[in-house]
Amino acid sequence: MSAKYAMISTWKMSLAGMRKAKRLMESGGSARDALAAAITDVEDDPAFHSVGYSGLPNARGEVELDAGFMNGRDLSFGAVSGVKNIQNPILVARELSGLARSCFLTAAGAESYAAAHGFAMRNMLTEDALAAYRREMAKQTAVREADPAADAHDTVCVVAQDTDAELYAGVSTSGLFMKHPGRVGDSPVIGSGFYCDSTAGGAAATGFGEDVMRGCLSVRIVGRIAAGRSPQEACEEVLEAHLARLADAGYTPGNISVIALGRDGRFGAATNRAEFPFVVFDEAREATLMVCRSDGGRIRVEEADAAWLESYKGD
């Protein structure tokens, strides 16, 4: 039986926003608005240093943000990259999805569009994030691509399905800590960081963006769903094949995690991390924190228990 509505999101940091989104859907709100509510909740929370306000800065001490949005009904999309001082990049990306041209804007062009169209602007660099930057600068004299600081990254990704079986996907991130100014990862790149098609399903990715882009993972997952695979099968098969291809090339990727949602409300997730938390809900289930585990390439997905919550030190 198909779900009337369903949503899936990445990381524990999305749990509060997903609870808000669930209440919105219960009251008859659209999946499009519920998705935005879930993501803006994370963008506005300074406790999370990988998305939005208080995002960790680049090597120049500047917070640069990326976001993308897609409508699976007509395959329209919008995205912004390398933007500064836009309070909610996901809202700008969502509005840009209504344009047939100029729907992907970057840096100053995206910022001027946001200001001209009345989107909230603010200084996104907080004292906490600036202190983290100063501590890192004290440890190094030059930006190094393999620096451990680059591991400080998470993207909030959401895929939503509504009562008309329409699908939407949205993502938002501040990217890698201490990244080279102007660096853009997979998050705003359609087909890599996000993709959805209401005839099949939607998918999104989080992790090291360059490694995700090497395989355009999101569109490949949706393609597998369209070919008849379940979202869980699609996530596992695409990630496994991508990792095998990289291994054949002699390349060792960083962390990669993916999520997917079918037009029937079924969900899936896969990761090459030991553990990857994500959140799901539908009309019969409250927003629930799940854990995807990878043990030698074998994927297990289960609900997070009290012991896991007590021990988790991530986002």
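Using this note's numbering, the letters of the sequence shown map in sequence onto residues 4 to 318. Where is the CB? At the ideal position from N, CA and C, for every residue including glycine. None of the values given here were measured: they were computed from a predicted structure.
Check, Outcome
"Roughly how many angstroms lie between the CA atoms of G210 and A134, to the nearest whole one?", "24 Å"
"Need the endpoints of the beta strand (DSSP E) that L292 sits in, please.", "288–298"
"For L249, which residues in the same chain have their Cβ closer than 6 Å to its Cβ, ignoring the five residues on either side in sequence?", "P256"
"Could you give the uninterrupted runs of the beta strand (DSSP E) lying entirely in the segment 152–212, keeping only those of 3 residues or more?", "159–164, 170–176, 197–200, 204–210"
"In whole angstroms, give me the CA-to-CA distance for I89 and A40.", "16 Å"
"According to the Cβ coordinates, are G20 and G173 closer than 8 Å?", "no"
"What residues are listed by DSSP as bridge partners for R301?", "D298"
"Could you pull the start and end residues of the alpha helix (DSSP H) that E240 belongs to?", "234–251"
"Are the Cβ atoms of G55 and V45 separated by less than 8 Å?", "yes"
"Within its chain, find whatever has a CB closer than 6 Å to the CB of M16; leave out the 5 residues flanking it on each side and keep chain order.", "V45, F51, D318"
"Three or more C-beta pairs under 8 Å: does that hold for the segment 231–239 against the segment 102–113?", "no"
"Which residue comes first and which comes last in the alpha helix (DSSP H) that contains A263?", "Note, A263: premise wrong, no alpha helix (DSSP H); beta strand (DSSP E) at 259–265."
"Going along the chain, which residues of its own chain have a beta-carbon closer than 6 Å to the beta-carbon of F80, five neighbours each way excluded?", "M73, S100, I193"
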